[in-house]
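K.L.:
Taken in order, the sequence shown gives residues 1 to 325; the numbers are from the UniProt record's numbering.
Each residue gets a CB set at the ideal place from its N, CA and C atoms; glycine is no exception.
All of these numbers come straight from a predicted model, not from anything done at the bench.
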Amino acid sequence: MATLEDVAKRAGCSVATASRVLTDKGAVSDSARRRVAKAAAELGYRASVMAAGRAGRRPVIGLLIPSITNPVFATSVSIIQNRMLVAGHGVLIAQSNYDPAQEANAIAALLNERPTGLILTLCDAARYKPPIADMPPTVLMHNRPTADFTAAVTTDNFAASRMITRHMIAHGHSRILFVSGSFAASDRARHRYEGHVEAMKQAGLEPIPAVEIGFTEYDRLDLGEALRLTRPTAIIGSNDILALGVIGALKREGLSVPGDVSVAGFDGISIGRLIDPVLTTIEMPDVSMGAAAASLLLDIAENDAPARHLDVPFTMRAGGTVRAI
Numbered sequence: 001m002a003t004l005e006d007v008a009k010r011a012g013c014s015v016a017t018a019s020r021v022l023t024d025k026g027a028v029s030d031s032a033r034r035r036v037a038k039a040a041a042e043l044g045y046r047a048s049v050m051a052a053g054r055a056g057r058r059p060v061i062g063l064l065i066p067s068i069t070n071p072v073f074a075t076s077v078s079i080i081q082n083r084m085l086v087a088g089h090g091v092l093i094a095q096s097n098y099d100p101a102q103e104a105n106a107i108a109a110l111l112n113e114r115p116t117g118l119i120l121t122l123c124d125a126a127r128y129k130p131p132i133a134d135m136p137p138t139v140l141m142h143n144r145p146t147a148d149f150t151a152a153v154t155t156d157n158f159a160a161s162r163m164i165t166r167h168m169i170a171h172g173h174s175r176i177l178f179v180s181g182s183f184a185a186s187d188r189a190r191h192r193y194e195g196h197v198e199a200m201k202q203a204g205l206e207p208i209p210a211v212e213i214g215f216t217e218y219d220r221l222d223l224g225e226a227l228r229l230t231r232p233t234a235i236i237g238s239n240d241i242l243a244l245g246v247i248g249a250l251k252r253e254g255l256s257v258p259g260d261v262s263v264a265g266f267d268g269i270s271i272g273r274l275i276d277p278v279l280t281t282i283e284m285p286d287v288s289m290g291a292a293a294a295s296l297l298l299d300i301a302e303n304d305a306p307a308r309h310l311d312v313p314f315t316m317r318a319g320g321t322v323r324a325i
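This is how it looks when you write it as C-alpha cells:
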C-alpha cells in the first residue's frame with residue numbers, strides 16, 4: 001500500500017506539502033496541488049480520503065472577458081459554462097471593461113478563489129505580466145500566445161482585416177476610414193488595423209490614421225470632424241457593435257449606407273443580419289472559440305496535456321452595406 005512518503009516522493013515535494021494537499025488544509029501552490037493529486041491517483045493512495053477532504057468544494061475555473069454586453073463574449077461565456085458543467089466545474093466570470101487596471105484587479109480576484117485554471121481575454125496580451133510566478137493552467141482566448149501563456153485559441157485578425165479591406169478596394173474604394181476601440185484596450189483591434197494598413201499599402205493606397213474611441217461610446221459616436229477631414233467613401237468598424245454605431249453616426253450626418261458611405265465590421269453578430277441592408281462583416285467563430293478554449297484548458301489541467309495554440313478559421317459575409325463605386 002502506498003504511503004504519504006511515496007506520494008511526496010513521486011510528486012517531488014515535501015511530506016508536509018503532500019499532507020496539506022491530501023487533507024485540503026493549508027496554502028499550497030496550484031502546480032504542487034496538481035502534482036500531488038496526480039501522484040496519489042497513480043499510486044492509489046487513499047483516494048476516498050482525498051475525496052472526503054475536498055467534499056463540498058466544487059472545482060471552478062476563472063473566466064475573464066472584456067464585456068458581457070458584447071454578444072461575441074456572451075456567446076463564449078455560454079459555451080464555456082456548458083462545457084464546464086459537463087466536466088463538473090463551476091465558472092467564475094469577471095470583466096475588465098476594456099480597462100487594464102480593472103483587468104488586473106479582476107484576475108487577482110479570480111486567483112483568490114484558487115481556480116483549476118483560467119481562460120483570459122486580455123486587453124494587451126503582449127504587455128501583460130502575470131501577478132504570480134506560479135499561475136494555474138491558463139488559456140488565452142482571442143489573444144495571441146505569449147512567452148508567459150503559450151496556450152491560446154485565436155483567429156487571425158490581421159488576415160481577416162486584409163480580407164475585408166481588399167473586399168472594399170475591389171469595390172472601388174480608396175478612401176477607407178478605420179474606426180476602432182482603443183488599441184490599448186484591445187490588441188485584437190490593433191491587429192485588425194494593422195491588417196487594414198497592410199492591405200491598403202499592398203494596393204498602393206495611403207491608409208488613413210485610425211479614429212480610436214472607447215468601446216462603450218458606439219451609441220454616441222460623432223464622426224462629423226473625421227468625415228470632413230478624411231472624406232471617406234467607406235468605413236470599417238473594428239467590431240460589429242462599432243460598425244452599427246458608425247451607421248447611426250452617418251445617419252445623424254444626413255448620409256446613407258451604402259449610398260453615400262459603405263460600412264463593414266468584424267464578428268458576425270446576429271444583430272448585423274437583422275438590419276437592412278445586412279451588415280458586411282467578418283464572421284468570427286465565437287462558438288468554436290469558447291468550446292476550444294474550454295476543452296484545451298481541461299486537457300491541460302486534468303490530463304497534463306502540453307500547452308498549444310489553436311487557430312480557428314474566419315469567414316467573410318458580404319452583406320449590403322458595401323457597394324461598388
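1) In chain order, what residues of the same chain lie with their CB nearer than 6 angstroms to the CB of N70, ignoring the 5 residues before and after it?
2) Can you tell me whether A47 is helix, strand or coil according to DSSP?
3) How big is the Cα-Cα spacing for G181 and G90?
4) Kindly identify the DSSP beta-bridge partner or partners of D267.
5) Taking only three categories from DSSP, how would you classify H142?
6) For the alpha helix (DSSP H) that contains I176, what are its first and last residues?
7) What are the start and end residues of each continuous beta strand (DSSP E) run of 3 or more residues lying completely inside the region 197 to 258, in chain order?
8) Ordered along the chain, which non-local residues of its own chain (more than five positions away) have a Cβ less than 7 angstroms from that of A307?
9) Thinking just about the alpha-carbon of each residue, which of L255, P258, R175 is nearest to the one in I208?
10) What's the gap between the Cα of M141 and the Cα of Y98?
11) Check the DSSP bridge columns for H309 and list the partner residues they point to.
12) Check the C-beta distance from A104 over to L177 and give it rounded, since I have them as a contact under 8 angstroms.
13) Just tell me which of D311, A32, T315, D260 has its CA closest to the CA of S161.
14) For A234 versus M163, is the C-beta spacing smaller than 7 angstroms?
15) In whole angstroms, what separates the C-alpha of P59 from that of G117?
16) Which residues in the same chain as A305 place their Cβ atom closer than 7 angstroms to its Cβ, once the five residues preceding and following it in sequence are excluded?
17) Determine the closest residue to E42 out of L22, I65, I68, R10, with distance taken between C-alpha atoms.
P.N.:
In short:
1) none
2) Caution applies to A47, whose pLDDT of 40 falls short of 50 and renders its modelled position unreliable; the value that the coordinates give is listed next. Reduced to three states, the DSSP call for A47 is helix.
3) If you take the alpha carbons of G181 and G90, they lie about 31 angstroms apart.
4) E283
5) Assignment of H142 by DSSP, reduced to helix, strand and coil, places it in the coil class.
6) It is not in any alpha helix (DSSP H) - I176 instead sits in the beta strand (DSSP E) that spans 176 to 181.
7) 211 to 213, 234 to 237
8) Excluding the 5 residues flanking it on each side, A307 has same chain C-beta neighbours closer than 7 angstroms at T150, A151, I300, in chain order.
9) R175
10) 15 angstroms
11) A152
12) The pair is not a contact, with the Cβ atoms about 33 angstroms apart (cut-off 8 angstroms).
13) T315
14) Contact: no.
15) 10 angstroms
16) D299
17) R10
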